[in-house]
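There are 2 protein chains.
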Amino acid sequence: MEANTVHPAETTVLAPACSVGDEEDSRLEGVALEAWRSFLQSHATILRLLDAELASEHAITTRDYEVLLYLAQAPDRRLPMSALAESTMLTRSGITRLVDGLVAGGFIERTSCASDARVSYAALTDEGLAKLRSAGCTHVGSIRRLFLEHFTPEETSRLASLLGRLPGAQRGGACTAE
Amino acid sequence: MEANTVHPAETTVLAPACSVGDEEDSRLEGVALEAWRSFLQSHATILRLLDAELASEHAITTRDYEVLLYLAQAPDRRLPMSALAESTMLTRSGITRLVDGLVAGGFIERTSCASDARVSYAALTDEGLAKLRSAGCTHVGSIRRLFLEHFTPEETSRLASLLGRLPGAQRGGACTAE
DNA sequence: CAAGTGCCGTTGACCGGTCAACTATAATTT
DNA sequence: AAATTATAGTTGACCGGTCAACGGCACTTG
Chain R
38 MEANTVHPAE
48 TTVLAPACSV
58 GDEEDSRLEG
68 VALEAWRSFL
78 QSHATILRLL
88 DAELASEHAI
98 TTRDYEVLLY
108 LAQAPDRRLP
118 MSALAESTML
128 TRSGITRLVD
138 GLVAGGFIER
148 TSCASDARVS
158 YAALTDEGLA
168 KLRSAGCTHV
178 GSIRRLFLEH
188 FTPEETSRLA
198 SLLGRLPGAQ
208 RGGACTAE
Chain X
38 MEANTVHPAE
48 TTVLAPACSV
58 GDEEDSRLEG
68 VALEAWRSFL
78 QSHATILRLL
88 DAELASEHAI
98 TTRDYEVLLY
108 LAQAPDRRLP
118 MSALAESTML
128 TRSGITRLVD
138 GLVAGGFIER
148 TSCASDARVS
158 YAALTDEGLA
168 KLRSAGCTHV
178 GSIRRLFLEH
188 FTPEETSRLA
198 SLLGRLPGAQ
208 RGGACTAE
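As they're listed, the protein sequences go chains R and X. All residue numbers for the first sequence refer to this note's numbering, where the first residue is 38 and numbers rise by one. All residue numbers for the second sequence refer to this note's numbering, where the first residue is 38 and numbers rise by one.
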């Protein structure tokens, strides 16, 4: 029937390896190329699958999930918009619109801040929490299947230590870090 | 002045680790969490930087670059739109529009196929090739700096072998692979 | 060779996200 | 206290990409 919809993605990719010209070192060689390509393509593929599953089984986006999760972990289950923006690495306007959607879905409410009238909190509703819980199972399962399952525990730890050196890898995200 | 534009990204992120509820295994623990988080966040961060550099120094996108590169490596420096779509992991319509842009920029021409009137080739122009070459230096340099430089050769190779197991990592992309 | 079937590329409608401009509030300077 | 500057959030315009529908062409199959 179909299956003609080639999955999209945000790949990118690398650099010559053959003979565009055969000049300088503007090329990536062997194993370095492999590493880089695998990095890009696996990311694209995994995220795509993750998103598809979450969308089809829970009608939310990976981003939605992420926001719900951050809120669930936050004290009082609420966070200022800016905090959300920073955590998710979206712009403030991006978060505004994303939260708009979640509010419309009933997963989040906007509440105002007593001590600073500029800030508006995004607060997780009970339905939001329920959604997160139900989606969580699926999602974590998928992450295991698509990512973690390919490694032994030691490998996972080695991988973590390698990837952990890359730019951006160390920005927050943990439980009570910040 | 500013620097208030928090860099955006397509992160996602993981799963609880604290105490959303303290139920089942719908959580990611320790080192697995680290690996997954690093994977997501480093990707987001690196691609963002890469894109910014390419945009500011060469006025093209990472995707543009990718397409140019694929064409440069192709026999006769041209490829059918569908082939491009597959390589880049974009949809056919996505490629149409992307190529539109590159044609407008003079980097690509559309030519038709003698043996099959349905296909239209995207063919690299000389300017396109020049663009690729000049951008290539910057780009590959950035990849080295942002990614490769964080690893010794053995580490790179180990990383390649780990990432190489992930879904999507083995799809084509090499020189004369197909 | 006429009719079905399927593939190629483009287009329209939409969506998620950015950027830049703006409003309202807070904090700082004078 | 008034003026300045900075911060929080929203909005409008736009962009890159998807999806679904379509038109042109090629390949069966009657």
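Idealized CB from N, CA, C, for every residue including glycine.
With 16 or more neighbouring CB atoms inside 10 Å of its own CB, A111(R) falls in the buried class. Within 7 Å of the CB of V68(R), the CB atoms of chain X belong to T193, S194, A197, in sequence order along the chain.
For T82(R), the nearest beta carbon of chain X is closer than 8 Å to its own beta carbon. At a cut-off of 8 Å, the C-beta of E164(R) has no neighbouring C-beta in chain X. When the Cα atoms are used, L77(X) and A141(X) turn out to be separated by approximately 34 Å.
Between R170(R) and Y158(R), the C-beta gap is not smaller than 8 Å, which leaves the two residues out of contact.
The C-alpha of L135(X) lies about 22 Å from the C-alpha of I83(X). Under the DSSP definition of a beta bridge, T128(X) lacks any partner.
Straight across, the Cα-Cα distance linking L105(R) with L166(R) is about 7 Å.
Under the rule that a run must span 3 or more residues, the beta strand (DSSP E) segments found entirely inside the segment 98-181 of chain X read 115-117, 145-149, 157-161.
Q207(X) sits in coil when the DSSP states are folded into three classes, being neither helix nor strand. Less than 8 Å divides the Cβ of L108(X) from the Cβ of L161(X). Under the 8 Å criterion on CB atoms, S75(R) is classed as interfacial with respect to chain X. Close to chain X, meaning a Cβ-Cβ distance shorter than 7 Å, are the following residues of the segment 171-184 of chain R: G173, C174, H176, V177, I180, L183, F184.
Rounded to whole angstroms, the gap between the alpha carbons of L183(X) and F144(R) is 38 Å.
Chain-order list of chain X residues neighbouring M118(R): empty, with the shortest C-beta distance near 12 Å, by a criterion of under 8 Å.
At a cut-off of 8 Å between beta-carbon atoms, G138(X) makes no contact with chain R. Chain X places no beta carbon closer than 8 Å to that of R115(R), leaving this residue out of the contacts.
Around the beta carbon of E191(R), fewer than 16 other beta carbons lie within 10 angstroms, which makes this residue exposed. Distances from the alpha-carbon of M118(R) to those of H95(R), D153(R), V177(R) put D153(R) closest. Counting along the chain, L196(R) sits inside the alpha helix (DSSP H) bounded by residues 190-200. Contact annotation: A197(X) and L91(X) have beta-carbon atoms that are not nearer than 8 Å. Using a Cβ-Cβ cut-off of 8 Å, P204(R) is close to S79, T82, I83, L86, L183 of chain X, given in chain order. Apart from the 5 residues on each side of it in sequence, P204(R) has no Cβ closer than 8 Å to any other Cβ in its chain. In the displayed model, F184(X) falls within coil according to three-state DSSP, outside both helix and strand. Cα atoms of E71(X) and G201(R): separation of roughly 8 Å, rounded to the nearest angstrom. Interface criterion not met: the Cβ of H95(X) is under 8 Å from no Cβ in chain R.
Spatial neighbours of R114(R) in its own chain (CB-CB distance under 8 Å, excluding positions within 5 residues in sequence) are listed in chain order as L108, A160, L161, L166. Taking 8 Å as the cut-off, the beta carbon of L199(R) is found no closer than this to the beta carbon of T193(R).
Within chain X, A197, G201 have C-beta atoms less than 7 Å from the C-beta of E71(R), given in sequence order. For the pair T175(X) and E123(X), the CB atoms are not nearer than the 8 Å cut-off. Think of a sphere of 9 Å around the beta carbon of L135(X): no beta carbon from chain R falls inside it, the nearest being about 11 Å out.
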